[in-house]
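Numbering (our numbering), first residue to last: 33 to 249.
Each residue gets a CB set at the ideal place from its N, CA and C atoms; glycine is no exception.
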């Protein structure tokens, strides 16, 4: 069977959610409001523009959601450019190496914009590994809509029903199911309060995850 693996990025490829949260809260202070940290998990898995659309409405911010998102993401890209020794989540490099060796197509499908995806992959040393990726700026509707995963499958030339998505968020798993794909739910402790009940399997770690295991889903 022709199978393809689709990876989320934040919280799956790179443990970036704590960094995003820190920068989000600091940027909120710059804008003149205090964002409750306990509410951040509700934003995980949605696009940055969607997040700032909510913030604009809630706090009556000036600027468009796109402008606010771009400003926040500039802070994030600055962090990535200055950081040293960033690594992928354990188990990811080994799985990618196995997929490549077996000729199994794979892609990255993230709510982030493509420039942020490129910067993140470079920071963790995977910019030469992922030749196919889809960002939130490539589609009209962000997760939990299925658009990102459907476009990734199309670019790989694989039927959605033969795709398996690896996700760590409620919205990501919902998007995978709506795309007609199977889903591996990664219970990342740094992506708290996520409902992964819709996944075909939930894993506390990606270390040791193999192609054989995925094929059995």
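Got a sec, what are the start and stop residues for the beta strand (DSSP E) residue 270 sits in? Only positions 33 to 249 of the chain appear in the structure, and residue 270 is not among them; the question remains open.
Residue 117 beta carbon near the ligand ATP (any heavy atom closer than 8 Å): You won't find the ligand ATP in this model; it holds no ligand whatsoever.
With the cut-off set at 9 Å, would you say residue 190 and residue 120 are in Cβ contact? Result no, Cβ atoms of residue 190 and residue 120 do not sit closer than 9 Å.
Where residue 236 falls, given that 16 or more other Cβ within 10 Å makes a residue buried: Counting Cβ neighbours within 10 Å, residue 236 comes out exposed, since fewer than 16 surround it.
Using the Cα positions of residue 135 and residue 106, report the straight-line distance between them to the nearest angstrom. Rounded to whole angstroms, residue 135 and residue 106 show a C-alpha spacing of 36 Å.
Contact belief for residue 79 with residue 143 at Cβ below 8 Å, rounded distance in angstroms: Their Cβ separation, rounded to whole angstroms, is 4 Å, which keeps residue 79 and residue 143 in contact under 8 Å.
Out of 179, 83, 240, point me to the one whose CA is closest to residue 210's CA. Closest by alpha carbon: 179.
Using a Cβ-Cβ cut-off of 6 Å (strictly less than) and excluding sequence neighbours within five positions of residue 84, which residues of its own chain qualify? Excluding positions up to five away in sequence, the list reads 97, 100, 101.
Of the listed residues 228, 184, 129, nearest to residue 199 (C-alpha basis): If we check each option's Cα against that of residue 199, 228 comes out closest.
Could you tell me if residue 186 is buried or exposed, where buried requires 16 or more neighbouring beta carbons within 10 angstroms of its beta carbon? With fewer than 16 other Cβ atoms within 10 Å, it is exposed.
Classify residue 116 as helix, strand or coil using the three-state DSSP reduction. Looking at residue 116 - three-state DSSP - the assignment turns out to be coil, as it is neither helix nor strand.
Taking the alpha-carbon positions, what's the residue 188 to residue 66 distance? When rounded, the separation of the alpha-carbon atoms in residue 188 and residue 66 is 42 Å.
For the beta strand (DSSP E) holding residue 74, just list the boundary residues, first then last. Per DSSP, residue 74 lies in no beta strand (DSSP E) segment and is marked neither H nor E.
Pairs of beta-carbons, one from the segment 168-184 and one from the segment 41-56, closer than 8 Å: are there three or more? Result no; under three Cβ-Cβ pairs closer than 8 Å.
Residue 71, buried or exposed, once every other Cβ within 10 Å from all chains shown has been counted against 16: Around the beta carbon of residue 71, fewer than 16 other beta carbons sit within 10 angstroms, so the residue counts as exposed.
Option nearest residue 242 by Cα separation, candidates 222, 141, 196, 206: The shortest Cα separation from residue 242 among 222, 141, 196, 206 belongs to 196.
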